[in-house]
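Residue numbers (the numbering used here): 821 to 1286.
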RNA sequence: GGCGGAGUAGCCAAGUGGUAAGGCGCGGGUUUGCAAAACCUGUAUUCGCGAGUUCGAUUCUCGCCUCCGCCUCCA
């Protein structure tokens, strides 16, 4: 095992495996590094906080593994060719790459603001079309896929007995009758079986110039296949873990398993990690109800990305999270409390924390994280032990937990106070010294009217924005 | 209709077969000219409802109620 340091007494990291439906220990299959794949964003618009719940939890998983002493190889793709990216780029009169690169860059900015570690590899779907064509060819050759009359290629589900294992399709009841009718009416598909899914989509008028040459004619790869091809290239036929939002279990991940196992064999993903969706005010986010928040939306209201992150890790990843403004406020207060408690203690760099060590009174918090990423439990442990943190080990442990959670503490207000404001504040202080309470109160009201509030201390005062 | 998940104090939320972490909010106190801030402190005899198993259940079993999500190339 290529262990880095390991936290003293740290338990091995265990995680709920969506496929096995139980909490299992995570160990790298190659004994070197834990290799995992995350389904990344489709870059056709700004990512919303629901997307980021998934990405942040994946980031926490990686951090917990690394802080626990394990090496990782993290691959997360960018989906930059699919129905939506093509549709919207054509509509805006821009080239696909020009259009998607704008949103990809914005997404990167958001990831950085949320303190998400960069994946080691971030492959773009559009740059791996040859790999995808090669995989489809194999599937056709092996009898797992067929070309339809219009030049599309479909995966033949009946050729893969294992289909449906991840999503328990055997106990599900696919409403095939309904599906078949819809498809028949839509005149869009030409499949042997209604459940067969597309690997290669034949070129259509509305796709514009977005097509590639293939053995089956001009067209473009199907969405499900992109991930399979990139995984094969960067992680191989058998790797440690695959993750994404819970909505991807079926059909996306189910289809990936079918494609990958049928084309190249191997075990594919040994473990599956899915995070539940985020709700806003108790309901599914939606544009129409105005609850589809982006980081930019929340920043306009004064909320920082770190406050958002705190909310996102505030509850169990397997449960739906109800996001509210009140929870953002609670996050702000909690982060401020942590920052205050840690005053005078400098956070070591992330890499230096990976050397392990004795986490002192915060060992329990790390244990919580190691047991199925219990982020809420870990935060509870942190607060419960905050007052008893004394030694160097204790504070190192404190920062190990924060590093595993990916939290950074707010700097003590580095706000610039305008001259006129500080002048009024100074006058108020003078009045107070002279015990001229009437004048003092007038100055205080004046400051409040301009949006500032004074905090008095024993030796002096501080002016902060309201 | 099928599948999955959830119901714990005003809100968010952890957890366990042995009697409820933590955060926000709120109450009280110290401090303050009064506030704010800060600090101290209090805050669920009870874990949706009803049975059952057990010495004992919030935690296990069964039934019921309510809510949410998925089954449309939405993380």
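Just so you know, even glycine gets a beta-carbon here, dropped at the ideal spot from N, CA and C.
Whose C-beta lies closer than 8 Å to the C-beta of residue i among residues of the same chain, with five residues either side of it excluded?
i: residue 876; result: 934, 936, 1129, 1132, 1133, 1226
i: residue 1216; result: 1168, 1173, 1177, 1178, 1179, 1180
i: residue 1090; result: 849, 1058, 1059, 1060, 1061
i: residue 912; result: 919
i: residue 1111; result: 1100, 1101, 1103, 1105
For residue i versus residue j, is the C-beta distance shorter than 8 Å?
i: residue 858; j: residue 1063; result: yes
i: residue 1078; j: residue 980; result: yes
i: residue 1143; j: residue 1071; result: no
i: residue 986; j: residue 839; result: yes
i: residue 1045; j: residue 1019; result: yes
i: residue 1097; j: residue 1122; result: no
i: residue 1082; j: residue 964; result: yes
i: residue 1237; j: residue 1055; result: no
i: residue 1190; j: residue 884; result: yes
i: residue 977; j: residue 1015; result: yes
i: residue 1196; j: residue 1221; result: no
i: residue 1025; j: residue 910; result: no
i: residue 925; j: residue 864; result: no
i: residue 1201; j: residue 1210; result: no
Let me make sure I understand the geometry here. Which of the options has the alpha-carbon closest to that of residue i?
i: residue 968; options: 928, 948, 1013, 982; result: 1013
i: residue 1286; options: 1206, 1268, 1280; result: 1268
i: residue 917; options: 1020, 974, 1031, 1195; result: 1031
i: residue 882; options: 1223, 1025, 1034; result: 1223
i: residue 1165; options: 1045, 1103, 1218; result: 1218
i: residue 1106; options: 871, 1025, 1069, 884; result: 871
i: residue 952; options: 1050, 912, 1025; result: 1050
i: residue 1067; options: 1029, 1138, 1028; result: 1138
i: residue 1102; options: 890, 929, 1146; result: 1146
i: residue 1076; options: 1038, 1109, 982; result: 982
i: residue 1029; options: 914, 890, 1266, 1110; result: 914
i: residue 890; options: 943, 845, 860; result: 845
Can you find the residues in the same chain that come closer than 7 Å, C-beta to C-beta, to residue i, ignoring five residues on each side of it along the sequence?
i: residue 1085; result: 1057
i: residue 1192; result: 834, 835, 836, 843
i: residue 862; result: 899, 902, 904, 905
i: residue 1288; result: The question about residue 1288 has no answer here: the residues shown for the chain are numbered 821 through 1286.
i: residue 959; result: 965, 975, 1019, 1079, 1082, 1083
i: residue 1170; result: 1223
i: residue 1270; result: 1241
i: residue 1156; result: 1230
Can you give the Cα-Cα distance for residue i and residue j, rounded to whole angstroms?
i: residue 1117; j: residue 867; result: 11 Å
i: residue 899; j: residue 954; result: 19 Å
i: residue 888; j: residue 1174; result: 7 Å
i: residue 973; j: residue 1113; result: 37 Å
i: residue 873; j: residue 1254; result: 54 Å
i: residue 1276; j: residue 1263; result: 14 Å
i: residue 892; j: residue 939; result: 10 Å
i: residue 1099; j: residue 961; result: 44 Å
i: residue 855; j: residue 957; result: 27 Å
i: residue 1274; j: residue 1247; result: 12 Å
i: residue 1126; j: residue 1095; result: 20 Å
i: residue 1256; j: residue 1241; result: 20 Å
i: residue 975; j: residue 1074; result: 12 Å
i: residue 984; j: residue 1069; result: 10 Å
i: residue 1034; j: residue 1042; result: 13 Å
i: residue 1040; j: residue 919; result: 17 Å
i: residue 1140; j: residue 1151; result: 18 Å
i: residue 927; j: residue 1258; result: 53 Å
i: residue 950; j: residue 1053; result: 11 Å
i: residue 1047; j: residue 897; result: 7 Å
i: residue 1250; j: residue 1243; result: 11 Å
i: residue 923; j: residue 1120; result: 19 Å
i: residue 1036; j: residue 1153; result: 59 Å
i: residue 1284; j: residue 869; result: 29 Å
i: residue 1149; j: residue 1214; result: 28 Å
Give every residue of the same chain whose Cβ lies closer than 6 Å to the Cβ of residue i, excluding the five residues on either side of it in the sequence, and list them in chain order.
i: residue 1252; result: 1260
i: residue 1280; result: none
i: residue 1087; result: 1058
i: residue 1185; result: 1198, 1201, 1202, 1221
Would you check whether the ligand SAH has a heavy atom nearer than 7 Å to the C-beta of residue i?
i: residue 1103; result: With respect to small molecules bound, the structure shown includes none, and the ligand SAH cannot be examined in it.
_alpha helix (DSSP H) runs contained entirely in the stretch 1182-1239, provided each spans 4 or more residues_ = 1183-1190, 1195-1205, 1212-1225
*Which runs of the alpha helix (DSSP H) spanning at least 4 residues fall entirely within the stretch 1083-1153, listed in chain order?*
1115-1120, 1125-1132
*Could you give the uninterrupted runs of the beta strand (DSSP E) lying entirely in the stretch 1247-1282, keeping only those of 3 residues or more?*
Counting whole runs of 3 or more residues, the stretch 1247-1282 contains the beta strand (DSSP E) stretches 1272-1276.
*Which residue spans inside the stretch 939-992 form an unbroken alpha helix (DSSP H) run of at least 4?*
949-961
*Length at least 3, wholly inside the stretch 997-1077: the beta strand (DSSP E) runs in chain order*: 1018-1022, 1039-1041, 1058-1065
*List in chain order: all unbroken beta strand (DSSP E) runs of 3+ residues lying wholly within the stretch 884-932.*
892-896
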